[in-house]
Amino acid sequence: MELIFEKCNHRQAFSLGKEFFPKTEFLQALQRKTPAELPEVSELDVVRHFTHLSRRNIGVDTNFYPLGSCTMKYNPKIADVVSSFKGFTQLHPQFLYSEVYHEHIQGALELVYGLEQLLSEISGMKAVSLQPMAGAHGELTGVLIISAYHKYYKNTHKKTILIPDSAHGTNPASAAIAGFQVQEIPSNSQGTLDLNSFREAMNDNVAGIMLTCPNTHGLFETDIQEIADIAHKHDAILYYDGANLNAIMGQCRPGDLGFDVMHFNLHKTFGTPHGMGGPGSGPVGVNERLLEFLPGPRIIKENDGKFNLEYPKNSIGKVAPFLGHFLIAVRAYVYILMQGSEGLKEVSQKAVLNANYILARLHSVFLPAYDRLCMHECVLSAMPFHDYGVHALDFAKALLDRGFHAPTVYFPLTVKEALMIEPTETESKETLDQFCDTMLDLAELARQNPEKLKEAPTTTPVRRLDEVKAAKELNVVRSVSKLKE
Amino acid sequence: MAWIPTTKNDEQEMLKTIGVPYIESLFQDIPQSLRLKLWKIPEALSEIETYQRLESLSRKNEVNAISFIGGGFYDHYIPAVVDYLSQRGEFSTTYTPYQPECSQGTLQSIYEYQTALCRLTDMEVANASLYDGGTALFEAVMLSVRVTGRRKIHIIPGLNPIYEQMLRTHTANLDLELEYSDDSTNCACIIAATPDFFGNLHDLTDIAQKCHSEGALLIVQFYPISLGLMKTPGEMGADIAVGEGQSLGLPLGFGGPYLGLFAAKKEYIRKMPGRICAITVDKQGQRGFVLTLQTREQHIRREKAMSNVCSNQALCALRALIYLCEVGKKGLTEIAQDCFSKTEYLKQQLSTFVPIINSRPTFNEFIIRLPIPAEKLIQTLKIKGILAGIPLKSLLEHCKTEIPCKDWSGTTYGEDGDLLIAVTEKRTREELDKLVEAIRTSIS
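This is how it looks when you write it as structure tokens:
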């Protein structure tokens, strides 16, 4: 498909109109030499171009999207509609930093306050800040809180963060970017954190431990109480990566499990759209002892019912310019209000039911990473097809031809040829059956005619792409000179 | 329950296949003692109830007055096609394009966004994308530290105090020395904003040369709409250009989601954070797009990654791209010119009776020093349906900035009467005149 930069036809889609405001000449010394070479196309060109582009994608709205660890559930449209109310979209954030304007933002502050309260209740944390702008940003914020806590108590020797080998890549990356050393802890044969290795690694230099629970094997960390006890004995902070909160919401709470600090992924658990990679939202929650280190400002409710700002005593400062991704918060708020207490519990129940159903239907053909019940996602391996020369990637590509998005492949790194499948609660049994039937069909094909799988996909807008060439030639920008050829 | 399609019958059949009697059996790994007993989550609301409750909440916010509020975030017009196209589910309900064959729409839009941003800034490469202007600046600083191996970060006075505070927060544990200075010796980078937070425009060409002779990087923080007229970061010799992309078709939205713009010289691409898309071919020789240089990223390199960023602002980047395509080459210049002309008109009208204290030419934002506290004027004008601007001192206090606060030339800001006023193409001559008259009346 043509690039929009290849449609240069000297048209103008948008204009301020003929009646310009009387022009004041811009200062010549500060002027750019030539205007930016942006497209010069009609509005219909723009509309057709982006509509055509959209048709070269598949999303939750069009296909089953069992991308493990990403919680690709249905994104309720009411949440999009509500978040586009003018009273939200056109509200200027700078009102926040001028008391004189606070009467203008009471509705927004009430919503932020309300969502923070709900998230605290859902997680068992003492307080929540909506500032972090994505999951990884929430992790970074959490680690900065851990750092501030230890600095405050002069635990300057605490420079290490322990992270399981099954963790998301963002965990070690966030810890490292915040200035900590990362030490990896292996998983045991049951797929959970190896307690002995953990004990050995634990010493007074450990600042914190980052855990996902259930972990990326889709398994609940059954030793969590002991892990928490050991960590706290060494004054290490226990961090909860909320990526998989969808599995336990309403069943148990990170705060009650012994976690001190955590982040939520509003775009996963609370159904806000993933938007081709973002925006997400990664609120951070803390228990009592970390309360004073939260990012500021925080929203408080005064006795007269008015909402106001407060800065925690030893706040780490600002991680976002204002209160985080407000319009995403609006969507998550809508989601929680409409699910209600029982709905939120049913979310985790059905998410876990669906994952176990897929596991049960596929486990005799695809090798489960761990042969036990799973939580919200199941990790299978394509190793049984190794001898046929068929890999996890081939299954992923073949699924695209059959009308499904692929599961996550080759993650977690602890499982060879991993196929990580997260169906979510919003998919029907019919869809799950179609998916499982297809997987079994592909397994049969892999044995009978492996070349067919290696050919896939054949029905997508493009076939398998040459990634080596892309990295070698590194054509990442359309140059202007090409345009004029 | 909302959005859960499983029927009672489905549930029974599925449990039978799994081989457990109850759904609760699936949660057996969670120790009983840790199970949730009680929580205070309200009962579910219907869609109608939710709509009505949220609508009434949204009405408690003021969005109808004539606004002159800026401070790095601006009330620009968003052409209709931006919302219309970006809301398509084929964009909004997808995630990171891990499977490129079914994500060519996303990938091509990223490639086009990279191209548009490079052409806007005259930089060589761009990523797609970072969270906001503040985190883009943090990532730029980290890149400069990786490239130079130095620890000193020099900031030219005039950086948005919100970004300064964000930068200090993000680097608190990193042994970096952040200080206000335009000395390029021995530092990893110099950070300079143009327009700066007070609205002053700077030509940074000389400082770029000084940086390069001393082995430091110049990070230019820019305002994308101003580049419809203004000398670009690339023309000035910037090594990294970062900015807040909100003005490119994103609603103010009480703080986000926004868009962190990040562009750089090509030599730094292997050390850059964030997603980058490249052109390639498929096995039949057809052009296609893939994410590239992924070994920079956290899902491959873990603690050795260039950044921890995973989810980013792809949909916001798409909005910015659609905006730039819709306004196009001529439209962007028109919009920038209109902002500038209106601002100059307003400055001229106001300067007859109140001092404008900027030390340099401005683009669409400037500061007046009122003989009365800025808050007092704001209160008076609110009644007339005008939001007069940002009381500078209050903002500086919220960002823990030392007051008075200096710009590069040494001019000081932050007195009680200092008011930051911003103008966009949405303001009409009548509205500008109304502001002038209201201020005149209030202070005389």
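For the record, the sequence lines run as chains F and C.
Position 169 of the first sequence, counted from 1, bears residue number 169 in my numbering, the numbering being contiguous throughout.
Position 273 of the second sequence, counted from 1, bears residue number 1273 in my numbering, the numbering being contiguous throughout.
C-beta: ideal position from N, C-alpha, C; glycine also.
*In terms of residue numbering, what span does the alpha helix (DSSP H) encompassing Tyr-333/F cover?*
For the purposes of this step, residue 333/F is taken as the residue at position 333 of the first sequence. Following the DSSP letters along the chain, one finds Tyr-333/F inside the alpha helix (DSSP H) bounded by residues 326 to 362.
_Can you confirm whether Lys-1329/C, when its beta carbon is compared against all beta carbons of chain F, has any partner nearer than 7 angstroms?_
For the purposes of this step, residue 1329/C is taken as the residue at position 329 of the second sequence. Answer yes: the Cβ-Cβ gap between Lys-1329/C and chain F drops below 7 angstroms somewhere.
*Since Asp-256/F meets chain C, which of its residues come closer than 8 angstroms, beta carbon to beta carbon?*
Walking along the first sequence from the start, residue 256/F turns up at place 256. The contacting residues are Leu-1034 and Leu-1036.
_Considering Cα atoms alone, identify which of Asp-241/F, Pro-384/F, Phe-264/F and Leu-413/F is closest to Arg-447/F._
Residue mapping note: residue 447/F aligns to position 447 of the first sequence, counting from 1. Per the Cα distances, Pro-384/F.
*Proximal chain C residues relative to Gly-250/F, where beta-carbon distance stays under 7 angstroms*: The sequence position of residue 250/F within the first sequence is 250, counting from 1. For the C-beta of Gly-250/F, the chain C residues within less than 7 angstroms are, from N- to C-terminus, Leu-1036.
*Going along the chain, which residues of its own chain have a beta-carbon closer than 7 angstroms to the beta-carbon of Leu-91/F, five neighbours each way excluded?*
To locate residue 91/F, count along the first sequence from 1; it is residue 91. Same-chain partners within the cutoff: Ile-105 and Ala-108.
*Given a limit of 8 angstroms on CB to CB distance, which residues of the stretch 174 to 201 of chain F reach chain C?*
Ser-174, Ala-175, Ala-176, Ile-177, Ala-178, Gly-179, Phe-180 and Val-182
*Please compile the residues from chain C whose C-beta is within a distance smaller than 7 angstroms of the C-beta of Gln-349/F.*
In the first sequence, counting from the first residue as 1, residue 349/F sits at position 349. Those are Ile-1023, listed as they occur along chain C.
_Nearest residue (CA-CA) to Gly-282/F, options Arg-298/F, Gly-305/F and Gly-324/F_ = Within the first sequence, the letter at position 282 stands for residue 282/F. Of the listed residues, the one whose Cα sits closest to Gly-282/F is Gly-324/F.
*asked:* Quick check: what's the CA-CA separation for Ile-230/F versus Leu-140/F?
replied: Residue 230/F sits at position 230 when you count from the first residue of the first sequence. Residue 140/F sits at position 140 when you count from the first residue of the first sequence. When rounded, the separation of the alpha-carbon atoms in Ile-230/F and Leu-140/F is 23 angstroms.
*Best match in His-274/F, Val-379/F, Asp-394/F and Gly-403/F for proximity to Gln-434/F [C-alpha to C-alpha]*: The sequence position of residue 434/F within the first sequence is 434, counting from 1. Comparing Cα positions, the closest option is Gly-403/F.
*With a cut-off of 7 angstroms, does the C-beta of Trp-1003/C fall near any C-beta of chain F?*
Numbered from 1 along the second sequence, position 3 holds the residue referred to as residue 1003/C. Yes, Trp-1003/C counts as interfacial toward chain F.
*Closest by CA to Lys-1265/C, which one among Ala-1422/C, Gly-1237/C, Ala-1080/C and Ile-1207/C?*
Walking along the second sequence from the start, residue 1265/C turns up at place 265. The residue with the shortest Cα to Cα distance from Lys-1265/C is Gly-1237/C.
*Under three-state DSSP, which class holds His-10/F?*
By 1-based counting over the first sequence, the position of residue 10/F is 10. DSSP places His-10/F in coil when its eight states are reduced to three.
*the stretch 1314 to 1324 of chain C / the stretch 1150 to 1170 of chain C touching (three or more Cβ pairs under 8 angstroms)*: no
*Residue nearest to Asn-244/F in terms of C-alpha spacing, selected from Asn-314/F, Gly-317/F, Gly-68/F and Tyr-74/F*: Here residue 244/F corresponds to residue number 244 of the first sequence, with the count starting at 1. Among Asn-314/F, Gly-317/F, Gly-68/F and Tyr-74/F, the Cα nearest to that of Asn-244/F belongs to Gly-68/F.
*Mind checking who Glu-1365/C pairs with in its DSSP beta bridge?*
The residue you call residue 1365/C lines up with position 365 of the second sequence. Partner(s): Ala-1422/C.
*Which whole runs of the beta strand (DSSP E) in the stretch 147 to 218 of chain F are 3 residues long or more, in chain order?*
160 to 164, 181 to 185 and 206 to 212
*asked:* Considering only the alpha carbon of each residue, which of Ser-479/F, Gln-183/F, Val-468/F and Met-210/F lies closest to Ile-146/F?
replied: As a first step, residue 146/F is located in the first sequence; it is residue number 146 there, counting from the start. Nearest of Ser-479/F, Gln-183/F, Val-468/F and Met-210/F to Ile-146/F, Cα basis: Met-210/F.
*Of all the CB atoms in chain F, is at least one closer than 7 angstroms to the CB of Gly-1199/C?*
Residue 1199/C sits at position 199 when you count from the first residue of the second sequence. Output row for Gly-1199/C: interface = no.
*Quick one: any contact between the stretch 255 to 265 of chain F and the stretch 127 to 143 of chain F, if contact means 3 or more CB pairs under 8 angstroms?*
yes
_Report the CB separation of Phe-21/F from Lys-1342/C in whole angstroms; it is logged as a contact under 8 angstroms._
Taking the first residue of the first sequence as position 1, residue 21/F is located at position 21. Taking the first residue of the second sequence as position 1, residue 1342/C is located at position 342. That belief holds up - the Cβ atoms of Phe-21/F and Lys-1342/C are roughly 5 angstroms apart, short of 8 angstroms.
*Kindly indicate the opening and closing residues of the beta strand (DSSP E) around Gly-1243/C.*
Start at 1 with the first residue of the second sequence, and residue 1243/C comes out as number 243. That run of the beta strand (DSSP E) goes 1240 to 1244.
*asked:* Could you tell me the alpha carbon to alpha carbon distance between Glu-1139/C and Pro-1273/C, rounded to whole angstroms?
replied: Position 139 of the second sequence, counted from the start, is the residue given in the question as residue 1139/C. Position 273 of the second sequence, counted from the start, is the residue given in the question as residue 1273/C. Their backbone Cα atoms lie some 7 angstroms apart in a straight line.
*asked:* Closer than 6 angstroms to a non-hydrogen atom of the ligand PLP - does that hold for the CB of Glu-184/F?
replied: The ligand PLP is absent from the structure shown, which contains no ligand whatsoever.
_Rounded separation between Ser-428/F and Gly-271/F - CA only_ = As a working note, residue 428/F is residue 428 in the first sequence. As a working note, residue 271/F is residue 271 in the first sequence. Rounded to whole angstroms, Ser-428/F to Gly-271/F spans 17 angstroms at the Cα level.
*What residues from chain C crowd round Val-462/F, counting only those whose CB sits closer than 7 angstroms?*
Along the first sequence, read from residue 1 onward, the residue named residue 462/F stands at position 462. Correct list: Glu-1101, Gln-1104, Asp-1282, Gln-1286 and Gly-1288.
*For Met-1230/C, which three-state DSSP category applies?*
On the second sequence, residue 1230/C is found 230 positions in, with the first residue counted as 1. Strand at Met-1230/C.
_Cα-Cα separation, Arg-1429/C to Lys-397/F_ = Sequence index remark: in the second sequence, residue 1429/C carries index 429 (1-based). Sequence index remark: in the first sequence, residue 397/F carries index 397 (1-based). Cα-Cα distance, rounded: 58 angstroms.
*Are Ala-566/F and Glu-377/F touching if we call contact CB-CB under 7 angstroms?*
Outside the shown range of chain F (1 to 485) lies residue 566/F, about which nothing can therefore be said.
*Comparing alpha-carbon positions, which option in Phe-259/F, Phe-366/F and Ala-443/F lies nearest Leu-290/F?*
By one-based count along the first sequence, residue 290/F stands at place 290. Of the candidates Phe-259/F, Phe-366/F and Ala-443/F, the one whose C-alpha sits nearest the C-alpha of Leu-290/F is Phe-259/F.
_What does the alpha-carbon distance come out to for the pair Thr-460/F and His-157/F?_
Here residue 460/F is taken as the residue at index 460 of the first sequence, counted from 1. Here residue 157/F is taken as the residue at index 157 of the first sequence, counted from 1. The straight-line gap from Cα to Cα measures roughly 54 angstroms.
*What runs of the alpha helix (DSSP H), each 4 residues or longer, lie entirely inside the stretch 1172 to 1220 of chain C?*
1205 to 1213
_Going by beta-carbon coordinates alone, are Arg-1440/C and Phe-1353/C separated by less than 7 angstroms?_
Here residue 1440/C is taken as the residue at index 440 of the second sequence, counted from 1. Here residue 1353/C is taken as the residue at index 353 of the second sequence, counted from 1. Cβ atoms of Arg-1440/C and Phe-1353/C: closer than 7 angstroms.
_Given a cut-off of 7 angstroms on the beta-carbon distance, is the pair Met-1/F and Thr-1106/C in contact?_
Walking along the first sequence from the start, residue 1/F turns up at place 1. Walking along the second sequence from the start, residue 1106/C turns up at place 106. Not in contact: Met-1/F and Thr-1106/C (Cβ atoms no closer than 7 angstroms).
*Ile-1300/C versus Asn-1061/C - alpha carbon distance*: Residue 1300/C sits at position 300 when you count from the first residue of the second sequence. Residue 1061/C sits at position 61 when you count from the first residue of the second sequence. One alpha carbon belongs to Ile-1300/C, the other to Asn-1061/C, and they sit about 44 angstroms apart.
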